[in-house]
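Residue numbers (our numbering): 239 to 483.
Glycine included, each C-beta is placed from N, C-alpha and C at the ideal position.
Fair warning: this is a prediction, and the values are worked out from it, not measured in the lab.
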């Protein structure tokens, strides 16, 4: 799944010469938490969000420090905070370092960008121009769509077919191979399992294998639950330590 599959295409933007009040009204009236800032050529030059407008003189929420923290703060930082809380221009308060992706960027890579940079959205660009926004909400909607697609119309008997695929054992390693429909088979090094320890009846998967940790046990259950056609997973697994008593 790519950015173009999940992004919001009709993006509300604000010009770099706009006022802070204009940006605030756009966000409030449209129920959004951020606006891409564009120049006259529709190229993204920044992003103004709720966070940028959090500490404002108009609302009495500008940053206040104790005298000793004020003394310790650099003059550049204090000056920057003053501009952020008092300037009426979007160009002065916006975040300039905008993290962006292209339409072909994989959703998995976008999720990593959002997490590692602690941001809520990324701009989607084509030749430097804005074509969409992918937010955390877009990823949640994408998740809901994939769940619906995976479960709608799935027959219980199909679980057996997929079960054969997820329990393929690499002859060179004991690693469990987890099959994701439409994706490449990928060995999961967190589990060791034999097909003989898994049975399926009327869409119900029974797991009889042993496990080394609670995390490994949960991962096995989740892997089975993700097979299209599976209605329920019955856990009969025992910890390895139980066999040593």
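The beta-carbon distance between residue 286 and residue 275, rounded to whole angstroms, is 6 Å. This is short enough to meet the 8 Å contact definition.
Assignment of residue 437 by DSSP, reduced to helix, strand and coil, places it in the strand class. Between residue 352 and residue 374, the beta carbon gap of about 6 Å places them in contact (Cβ cut-off 8 Å).
Contact check for residue 284 against residue 334 passes: the beta carbons are separated by less than 8 Å. The continuous beta strand (DSSP E) containing residue 282 extends over residues 282 to 287. Annotation: residue 252 to residue 320 spans about 22 Å, alpha carbon to alpha carbon.
According to the DSSP assignment, residue 372 belongs to the beta strand (DSSP E) that extends over 367 to 373. Per DSSP, the continuous beta strand (DSSP E) segment holding residue 272 begins and ends at 272 to 276. Cα atoms of residue 259 and residue 239: separation of roughly 37 Å, rounded to the nearest angstrom. Residue 473 carries a strand assignment under DSSP once its states are collapsed to helix, strand and coil. Apart from sequence neighbours up to five positions away, the residues of its chain that approach residue 280 with a beta-carbon distance below 7 Å are 367, 368, ordered along the chain. Per the C-alpha coordinates, the member of 268, 326, 440, 461 positioned closest to residue 293 is 326.
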